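Colleague: Please find one structure pasted underneath; my questions will follow.
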Amino acid sequence: MSSCSTDGAASPRVPQLSAVVVAFNGGRVLTECLEALTTDSVPDRVEILVVYDPAGSVGLATASLGARFPKVHWLGVRSPATVPRLRAHGMAAARGDVIALLEDDCVVERGWCEAAIAAHNTEHLVIGGAVEPGPYKRALDWAVYFCEYGRFTLPLQHGMNIVLALAANNVTYKRTALARVPSSDDGFYDMFVHAAWERAGVPMRTDRTLVVRNVNAWSLAHVTSVPYHHGRAFAGHRAAGRSGPWRAAIGLLALGLPILKLGRIVSGTASRKRLAGRLLQALPWMVVFNTSWSLGEAVGYVRGPGDSATRWR
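Here's what the structure looks like:
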């Protein structure tokens with residue numbers, strides 16, 4: 164595993180909550196994220212860790228941001244600084260009884276830290292929240308939002324409900340739950356960890372008081388090449404050790420995923436009775452996004468992940 168550099172001295176008191184911010188989108192959104200998070204947190208109870216690639220755009224901004232947010236701990240992760248590896252390094256450095264995963268393009272709603280701590284004053288080990296849309300102006304941004312986070316839009320189901328999927332940019336874990344996860348140089352892949360917990364009967368729950376707002380503005384690559392590499396890396400990991408005929412059959416079925424994925428997004432949005440107009444506006448780009456992902460997944464099943472895992476951003 165690559166080495167990490169850490170800035171900021173850790174306080175000796177064990178915090179109740181460690182908020183791990185995975186930063187890879189740039190200084191502008193990270194500033195907005197940290198402004199909300201530092202305002203919402205209490206230093207003695209909450210520690211904030213930003214995990215980033217020193218060679219990336221966030222690395223260039225850390226000098227000014229470090230001075231602006233002196234109580235934030237900064238962890239630089241050397242290449243390959245994929246999102247799963249950034250997560251793993253941040254979680255390993257976190258000291259809190261509860262460890263939360265956030266991303267730099269997400270702004271917590273007021274009261275998020277207290278809500279995260281309160282949610283874990285129960286026996287529940289894994290609790291996720293909602294990801295609301297930001298002030299998007301382009302159809303492309305709405306498309307990425309619906310494809311990535313549409314199923315985590317408010318309203319969530321009422322109360323603490325068992326679910327099969329949680330948003331990796333708004334999820335909280337008891338430390339005891341993460342102690343069960345084998346370490347890997349590849350990093351922390353939430354979907355595979357959550358799937359393993361689901362098979363083992365570990366309930367994952369949602370809490371409607373845990374709300375973040377995504378404020379990103381995505382590039383064309385985020386509906387063309389990025390979904391392809393995510394889909395290929397996902398399938399390559401999932402198909403590891405499987406027989407050739409199984410891989411070929413599932414790869415063929417994956418070509419039908421665009422229709423299935425779009426159907427799920429449309430159905431989920433309709434059930435919430437909101438954002439229907441935005442969904443129609445974004446539909447053409449959503450077709451591009453889901454086609455790209457599905458092609459990547461099909462290739463991943465048949466030919467393996469290639470170098471797509473190193474492009475997981």
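Taken in order, the sequence shown gives residues 164 to 476; the numbers are from the numbering used here.
Glycine included, each C-beta is placed from N, C-alpha and C at the ideal position.
Given the structure is predicted, the values throughout are model-derived calculations rather than measurements.
(1) Where are the beta strand (DSSP E) runs, 3 residues long or more, that stay fully inside the segment 359-392, in chain order?
(2) Flag this pair as yes or no: are the beta carbons of residue 190 and residue 221 separated by less than 8 Å?
(3) Output the boundary residues of the beta strand (DSSP E) element that contains residue 465.
(4) What are the start and end residues of the alpha helix (DSSP H) that includes residue 430?
(5) According to the Cβ coordinates, are residue 180 and residue 276 closer than 8 Å?
(6) Could you check what DSSP says for residue 177 in three-state terms: helix, strand or coil?
(7) Are three or more beta carbon pairs between the segment 460-470 and the segment 303-322 nearer than 8 Å?
(8) Does DSSP put residue 209 in a helix, a strand or coil?
(9) What is the residue span of the alpha helix (DSSP H) that residue 296 lies within?
(10) Could you check where the beta strand (DSSP E) with residue 336 kicks off and where it finishes?
(11) Nearest by alpha-carbon distance to residue 195: which of 445, 379, 410, 327 is it?
(12) With a cut-off of 8 Å, do at least 3 Cβ pairs link the segment 381-394 to the segment 275-295?
(13) Could you tell me which residues DSSP pairs with residue 185 in its beta bridges?
(14) Buried or exposed for residue 333, please, with buried defined as at least 16 other CB atoms from any protein chain shown within 10 angstroms of its CB.
(15) Let me know the secondary structure DSSP gives residue 344 once reduced to three states.
(16) Only counting the same chain, and skipping five residues up and downstream in sequence, which positions put a Cβ closer than 6 Å to that of residue 335?
(17) For the structure I just gave you, are there three or more beta carbon pairs, one from the segment 221-241 and one from the segment 296-303, closer than 8 Å?
(18) Would you kindly check if the distance between the Cβ of residue 445 and the Cβ of residue 439 is under 8 Å?
(19) Hey, quick one: how far does the beta strand (DSSP E) through residue 407 stretch, first residue to last?
(20) Thinking C-alpha only, which one of 428, 249, 201, 205 is nearest residue 217?
(21) Could you tell me whether the segment 231-247 touches the segment 197-216, where touching means 3 or more Cβ pairs closer than 8 Å?
(22) Are residue 183 and residue 265 closer than 8 Å when you measure CB to CB?
(23) What does the alpha-carbon distance come out to for the pair residue 294 and residue 474?
(24) Identify the residues that DSSP records as bridge partners of residue 326: which are they?
(25) Report the rounded CA-to-CA distance for residue 355 versus residue 396, giving the unit in angstroms.
(26) For residue 246, which residues of its own chain have a beta-carbon under 7 Å away from its beta-carbon, when the five flanking residues on both sides are left out?
(27) Per DSSP, what kind of secondary structure is residue 305 in: helix, strand or coil?
(28) For residue 237, which of helix, strand or coil comes out of DSSP?
(29) Would residue 359 pass as a contact of residue 464 if the rule is Cβ separation under 8 Å?
(30) When every heavy atom of the ligand MN is checked, does at least one fall within less than 7 Å of the C-beta of residue 317?
(31) Quick one: is residue 177 buried, meaning 16 or more other Cβ sit within 10 Å of its Cβ, or exposed?
Modeller: In brief:
(1) 367-377
(2) Position 27 of the sequence shown, counting from 1, holds the residue named residue 190. Position 58 of the sequence shown, counting from 1, holds the residue named residue 221. Yes; because the gap between Cβ atoms is below 8 Å, this pair is in contact.
(3) Locating residue 465 in the sequence shown gives position 302, counting from the first residue. Residue 465 -> not in any beta strand (DSSP E); alpha helix (DSSP H) instead, spanning 439-466.
(4) If you number the sequence shown from 1, residue 430 lands on position 267. Element bounds for residue 430: 420-435.
(5) In the sequence shown, the residue the question calls residue 180 occupies position 17. In the sequence shown, the residue the question calls residue 276 occupies position 113. Their beta carbons are under 8 Å apart, which means residue 180 touches residue 276 by this criterion.
(6) By one-based count along the sequence shown, residue 177 stands at place 14. Residue state, collapsed to three classes: coil.
(7) no
(8) Counting from one through the sequence shown, the residue named residue 209 turns up at place 46. Reduced to three states, the DSSP call for residue 209 is strand.
(9) Locating residue 296 in the sequence shown gives position 133, where the first residue counts as 1. That residue, residue 296, is in no alpha helix (DSSP H); its beta strand (DSSP E) goes 289-296.
(10) Here the question's residue 336 lines up with position 173 in the sequence shown. Unbroken beta strand (DSSP E) run through residue 336: 333-337.
(11) What you label residue 195 is simply residue 32 of the sequence shown in a count that begins at 1. Selected option, being the one with the closest Cα: 379.
(12) no
(13) Start at 1 with the first residue of the sequence shown, and residue 185 comes out as number 22. According to DSSP, residue 185 bridges with 214, 266.
(14) By one-based count along the sequence shown, residue 333 stands at place 170. Answer is buried; the Cβ neighbour count reaches 16.
(15) Here residue 344 is taken as the residue at index 181 of the sequence shown, counted from 1. The answer is coil: DSSP assigns residue 344 none of H, G, I, E or B.
(16) Mapped onto the sequence shown, residue 335 falls at position 172. Here the set comprises 261, 263, 279, 290.
(17) no
(18) For this step, residue 439 is matched to residue 276 along the sequence shown. For this step, residue 445 is matched to residue 282 along the sequence shown. No.
(19) As a position in the sequence shown, residue 407 is number 244, starting the count at 1. That residue, residue 407, is in no beta strand (DSSP E); its alpha helix (DSSP H) goes 407-417.
(20) Counted from its first residue, the sequence shown places residue 217 at position 54. Nearest of 428, 249, 201, 205 to residue 217, Cα basis: 249.
(21) yes
(22) The residue labelled residue 183 in the question sits at position 20 within the sequence shown. The residue labelled residue 265 in the question sits at position 102 within the sequence shown. Yes. Within cutoff.
(23) Within the sequence shown, residue 294 is the residue found at index 131, counting from 1. Within the sequence shown, residue 474 is the residue found at index 311, counting from 1. For residue 294 and residue 474, the distance between alpha carbons rounds to 23 Å.
(24) Residue 326 sits at position 163 when you count from the first residue of the sequence shown. Its beta-bridge partners are 367.
(25) For the purposes of this step, residue 355 is identified with residue 192 of the sequence shown, where counting begins at 1. For the purposes of this step, residue 396 is identified with residue 233 of the sequence shown, where counting begins at 1. Between residue 355 and residue 396, the C-alpha separation is close to 12 Å.
(26) Counting from one through the sequence shown, the residue named residue 246 turns up at place 83. The answer, listed in chain order, is 185, 187, 475, 476.
(27) As a first step, residue 305 is located in the sequence shown; it is residue number 142 there, counting from the start. If DSSP states are grouped into helix, strand and coil, residue 305 belongs with the helices.
(28) If you number the sequence shown from 1, residue 237 lands on position 74. In this structure, residue 237 counts as strand in the three-state DSSP scheme.
(29) On the sequence shown, position 196 is the one that residue 359 refers to. On the sequence shown, position 301 is the one that residue 464 refers to. Contact flag unset, no.
(30) The ligand MN is absent from the structure shown, which contains no ligands of any kind.
(31) As a working note, residue 177 is residue 14 in the sequence shown. The residue in question, residue 177, is exposed, as its Cβ has fewer than 16 Cβ neighbours within 10 Å.
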